[in-house]
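Just so we're aligned, residue 1440 is where the sequence shown starts under our numbering, counting upward by one.
Working notes, beginning with the structure itself.
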Amino acid sequence: MNNDDYYREIGLKCGLEIHQQLDSKEKLFCRCPTTLRETEESNVEFYRYLRATESEMGEKDRAAVEQTKVNRKYVYKGYDTTCLVEYDEEPPRKLNSEALDIALVVAKLMNMRPVEQLHVMRKIVVDGSNTTGFQRTAFLANDGTIPTSLNEVGVDVLCIEEEAAQKIEDKKDSIVYSLDRLGIPLVEIGTAPDIITPAHARETAQIIGMLLRSTGKVKRGLGTIRQDVNISIAEGARVEVKGVQALDMIETIVELEVERQVNLLHIREMLQQRGAEVHNEIFDVTDVFRDTESKVIKRALKKGKVLAIRLIGFDGIIGEEVQPGRRLGTEFSDRAKPSGVGGIFHTDELPKYGITADEVESLRKAVGAVDGDAVVLVADSYKKAHGAMESVRIRAQEALEFVPEETRRALPDGNTAYMRPLPGASRMYPETDVPVIDISSSYFESIETPELLIDKGKRFTEEYNLNDELAEKIVYSRYLPLFENIMDRFAFNDSIGATLVARTFTGRLPELRRDGIDVEKLQQDHFIALFDAIGEGKVAKEGIDELLRLLAEKPALNIDEALDQLGFSGIDISEIESFAENLVRERADFVKEKGLGAVGPLMGIVMGQFRGKVDGKVVSDILKQKIEKQINS
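Here's what the structure looks like:
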């Protein structure tokens, strides 16, 4: 059975949620710039405590309730580029029209149908990432499709919403957020569950990414695009994996979540065969550990308690692996941590961590555990410990019955960890401070769509004679607009070829970055001046690396000053001819043996002498003349 057949057999369903920042000049609900700042530049700081509020139906969202189990302090850093809207001290302004236009371009590229009226909603989020305790979002379009190699994947949702604040420090009882990112316009794209294999998930994400970049109006760089993946299998449950940063990880994350759900179903089967149960009582077993040498428990007992639960028939199963390096016990621990504890212990892993075999035996007696039973315990303040044990008790009961629906965070290795329950319908309610926007058919029809990057790459191979690999690199590069600008500027200059320009951006700059050169200091004007100098014969293409190094180190220099500092100015061709003639004469025996085959080896010597002051073709022509003269003399 091949992999595709396996995923079809287990009933894999998968959908993507793509969150992409838009490259607008201003934020979504205020006129602040979408500029990211260094934390040290902050000139405002304040803090808040957030709590879950009831919806219009009088209900509290389960995910919001979970997030407020620990009463954390949220500290916010503001700047001279943030305002009272971000601080939640002033109502939001009208929705940014530039951002709306960009979002409608995305809708067109995905064959979507926009709403007739755009209504902004509030989505409850109380993890501190919004000063308001909610995120403003608006449903913009639906009923779209994108083509893939296996099928057409439906696009059910396109929303335009505000980006959250950036978490910069996570302390035990507080989290520090930076408000520079809060309010940057963002599109959220949700596909239908039409994705049927892990590789198909990655392909679909690549296509959506290509469409977004084709607009030329999305931000680039780490954190500007995030992928959430919804995954389920037959008899399993829908799980949303949040915060997948790297496209390359999507396939692995789907594979490992499928593995997790398959293993959880196997664990359920084993527990049911044993007749396992979850004992409801939470036991105070502090006295068992009065004289313990376990550092973790001794530290907790200064102000706290040791609490435990009995899991009937769970012996040996808490240690069962659900994902590589993660076990059912890890799932229990993840559920306990939102209560504020550092982790849990269980008898499948004890004695260990300073807990002795005698203490384990006393623990089992204290909770009435018999052969085949397991015990889970935690040491902390009574409130935190009790909350943790209650959460573990619920998770153990779920292990007996079903795979739980939940939101999980992506880990660097492709595994996932519990974050919170899936949110319900109670988290959304209308935003009354932002006016409704009409989206007429004539308005939507007036939105122009760009050339797709995949088509642009094909055009570059034909128009500029780039190879396929280089064409793909440059169209997906953030330097694409500058590449096109330079190609238009030097359309009739034979010295400036597309391959040279493309390799400068996709090859030379990454190499300089690896060498520790801060290429971010190089601006558009630097590159235009560089290619101007090459086009005018002031510098050879062999001097590009040294010029870019110098300009990155001293960005205030103009191109002529840079050429002077490098000694590239005022080169006399007669000087090159004289050097080449002397070289050929000195290597007369070598030239006699190799003939014109000596050009290549001798070119390296000449180019090394004049480092970037002269074009390689000029040197090659001069050497050929001098070698022919030497041979014929």
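We put the CB at the ideal spot given by N, CA and C, even for glycine.
Separation of residue 1718 from residue 1728, as counted between CA atoms: Counting from 1 along the sequence shown, the entry for residue 1728 is found at position 289. Counting from 1 along the sequence shown, the entry for residue 1718 is found at position 279. C-alpha separation (whole angstroms): 22 Å.
DSSP state of residue 1867 mapped onto helix, strand, coil: Sequence index remark: in the sequence shown, residue 1867 carries index 428 (1-based). Here DSSP, grouped into helix, strand and coil, assigns residue 1867 to strand.
Look at residue 1943 and residue 1916 and say whether their C-beta atoms are less than 7 Å apart. Locating residue 1943 in the sequence shown gives position 504, counting from the first residue. Locating residue 1916 in the sequence shown gives position 477, counting from the first residue. For residue 1943 and residue 1916, no; Cβs fall outside 7 Å.
Once the 5 residues before and after residue 1883 are set aside, which same chain residues still bring their CB inside 7 Å of it? Taking the first residue of the sequence shown as position 1, residue 1883 is located at position 444. Counting only Cβ-Cβ distances below 7 Å, and skipping sequence neighbours, we find 1543, 1553.
Near residue 1725, which residues of its chain fall below 6 Å by C-beta distance, leaving aside the five closest residues on each side in sequence? Translated into positions along the sequence shown, residue 1725 becomes position 286. Sequence-distant partners of residue 1725 (beyond 5 residues in either direction) whose C-beta falls short of 6 Å from its own C-beta, in its chain, are 1744, 1745.
When you compare each of 1962, 1963, 1956 to residue 1985 by their alpha carbons, which one comes out closest? Mapped onto the sequence shown, residue 1985 falls at position 546. The shortest Cα separation from residue 1985 among 1962, 1963, 1956 belongs to 1956.
Grouping DSSP H, G and I as helix and E and B as strand, with all else coil, what is residue 2009? As a first step, residue 2009 must be located in the sequence shown, where it is residue number 570. Only weak support exists for where residue 2009 lies, its pLDDT of 48 falling under 50; the coordinates are left without a value.
So residue 1559 and residue 1534 are in contact, right, with Cβ under 8 Å, and what is the actual spacing, rounded? Locating residue 1559 in the sequence shown gives position 120, where the first residue counts as 1. Locating residue 1534 in the sequence shown gives position 95, where the first residue counts as 1. Right, their Cβ atoms sit about 7 Å apart.
With a threshold of 16 other CB atoms inside 10 Å of the CB of residue 2009, please say whether the residue is buried or exposed. In the sequence shown, counting from the first residue as 1, residue 2009 sits at position 570. Any reading at residue 2009 must be qualified, since the residue scores a pLDDT of 48, below 50, and its modelled position is unreliable; no value is offered.
Whose C-beta lies closer than 8 Å to the C-beta of residue 1631 among residues of the same chain, with five residues either side of it excluded? Start at 1 with the first residue of the sequence shown, and residue 1631 comes out as number 192. These residues qualify, in order along the chain: 1454, 1592, 1593, 1594, 1595.
For a test of the three-state rule: what should DSSP assign to residue 1674, helix, strand or coil? Residue mapping note: residue 1674 aligns to position 235 of the sequence shown, counting from 1. Three-state DSSP puts residue 1674 in coil, outside helix and strand.
Comparing alpha-carbon positions, which option in 1522, 1536, 1511, 1517 lies nearest residue 1467? As a working mapping, residue 1467 is identified with position 28 in the sequence shown. The option with the nearest alpha carbon to residue 1467 is 1536.
Between residue 1901 and residue 1919, what straight-line distance do the alpha-carbon atoms span, to the nearest angstrom? Walking along the sequence shown from the start, residue 1901 turns up at place 462. Walking along the sequence shown from the start, residue 1919 turns up at place 480. Distance between the alpha carbons of residue 1901 and residue 1919 is about 17 Å.
Starting from residue 1458, trace the beta strand (DSSP E) in both directions and tell me its first and last residue. Sequence index remark: in the sequence shown, residue 1458 carries index 19 (1-based). Taken as a continuous stretch (DSSP letters only), the beta strand (DSSP E) holding residue 1458 covers 1452-1460.
What would DSSP say about residue 1553, mapped onto helix, strand or coil? The sequence position of residue 1553 within the sequence shown is 114, counting from 1. Here residue 1553 sits in strand by DSSP.
Euclidean distance between Cα positions of residue 1897 and residue 1848: Sequence index remark: in the sequence shown, residue 1897 carries index 458 (1-based). Sequence index remark: in the sequence shown, residue 1848 carries index 409 (1-based). Looking at the backbone, the Cα of residue 1897 and that of residue 1848 are separated by about 38 Å.
Report the three-state DSSP secondary structure of residue 1558 (helix, strand or coil). Locating residue 1558 in the sequence shown gives position 119, where the first residue counts as 1. Reduced to three states, the DSSP call for residue 1558 is coil.
Tell me where the alpha helix (DSSP H) around residue 1797 begins and ends. The count along the sequence shown starts at 1 and reaches residue 1797 at position 358. Element bounds for residue 1797: 1796-1806.
Which residues in the same chain have their Cβ closer than 8 Å to the Cβ of residue 1584, if we skip the five residues on either side of it in sequence? Translated into positions along the sequence shown, residue 1584 becomes position 145. Excluding positions up to five away in sequence, the list reads 1549, 1550, 1591, 1592, 1593, 1594.
Buried/exposed call for residue 1771, threshold 16 Cβ in 10 Å: For the purposes of this step, residue 1771 is taken as residue 332 along the sequence shown, with counting starting at 1. It is buried - the Cβ of residue 1771 has at least 16 other Cβ atoms within 10 Å.
Name the two residues that bound the continuous beta strand (DSSP E) containing residue 1845. Position 406 of the sequence shown holds residue 1845. Segment 1845-1849, the beta strand (DSSP E) holding residue 1845.
Enclosing alpha helix (DSSP H) for residue 1442 [first to last residue]: The sequence position of residue 1442 within the sequence shown is 3, counting from 1. Note, residue 1442: alpha helix (DSSP H), 1442-1448.
When you compare only the Cα positions, how much space is there between residue 2073 and residue 1821? An answer regarding residue 2073 cannot be provided, because it is not within the stretch 1440 to 2072 covered by the chain.
How many Å lie between residue 1526 and residue 1674 at the Cα? Position 87 of the sequence shown, counted from the first residue, corresponds to residue 1526. Position 235 of the sequence shown, counted from the first residue, corresponds to residue 1674. Cα-Cα distance, rounded: 45 Å.
What's the gap between the Cα of residue 1789 and the Cα of residue 1676? What you label residue 1789 is simply residue 350 of the sequence shown in a count that begins at 1. What you label residue 1676 is simply residue 237 of the sequence shown in a count that begins at 1. Residue 1676 has its alpha-carbon roughly 32 Å from the corresponding atom of residue 1789.
When the Cα of residue 1862 is compared with those of 1871, 1876, 1844, 1851, which residue comes out closest? To locate residue 1862, count along the sequence shown from 1; it is residue 423. Closest option to residue 1862, Cα to Cα, is 1844.
Check whether the stretch 1823-1831 touches the stretch 1640-1649, taking contact to mean three or more Cβ pairs, one atom from each stretch, closer than 8 Å. In this structure the stretch 1823-1831 does not lie against the stretch 1640-1649, because fewer than three pairs of beta carbons, one per stretch, are closer than 8 Å.
Reduced DSSP category for residue 1576 - H, G, I as helix; E, B as strand; rest coil: What you label residue 1576 is simply residue 137 of the sequence shown in a count that begins at 1. In the three-state reduction of the DSSP assignment, residue 1576 falls in the strand class.
Note down, in chain order, each residue of its chain lying with its Cβ closer than 8 Å to the Cβ of residue 2067, except the 5 sequence neighbours on either side. Mapped onto the sequence shown, residue 2067 falls at position 628. Taken in chain order, the residues that qualify are 2035.
In angstroms with no decimal places, state the Cα-to-Cα distance between residue 1545 and residue 1886. To locate residue 1545, count along the sequence shown from 1; it is residue 106. To locate residue 1886, count along the sequence shown from 1; it is residue 447. A straight-line Cα-Cα distance of about 10 Å links residue 1545 and residue 1886.
Taking Cβ to Cβ, would you say residue 1707 is nearer than 7 Å to residue 1761? Taking the first residue of the sequence shown as 1, we reach residue 1707 at position 268. Taking the first residue of the sequence shown as 1, we reach residue 1761 at position 322. In this structure, the beta-carbon distance from residue 1707 to residue 1761 does not fall below 7 Å.
Pull up the CB-CB distance for residue 1701 and residue 1855, whole angstroms please, since I reckon it's below 8 Å. In the sequence shown, counting from the first residue as 1, residue 1701 sits at position 262. In the sequence shown, counting from the first residue as 1, residue 1855 sits at position 416. With 8 Å as the limit, residue 1701 and residue 1855 do not qualify as a contact, their Cβ atoms being about 14 Å apart.
Based on Cα-Cα distance, which residue from 1959, 1842, 1640 lies nearest to residue 1693? On the sequence shown, residue 1693 is found 254 positions in, with the first residue counted as 1. The option with the nearest alpha carbon to residue 1693 is 1640.
Could you pull the DSSP bridge partners for residue 1584 from this structure? Numbered from its first residue, the sequence shown carries residue 1584 at position 145. Partner(s): 1593.
Candidates 1523, 1995, 2070, 2039, of which the one nearest residue 2028 by Cα: Taking the sequence shown and counting its residues from 1, one reaches residue 2028 at position 589. Of the candidates 1523, 1995, 2070, 2039, the one whose C-alpha sits nearest the C-alpha of residue 2028 is 2070.
Going by other Cβ atoms of all chains shown within 10 Å of its Cβ, with 16 needed for buried, is residue 1619 buried or exposed? Counting from 1 along the sequence shown, the entry for residue 1619 is found at position 180. Residue 1619 is buried by the Cβ-count criterion.
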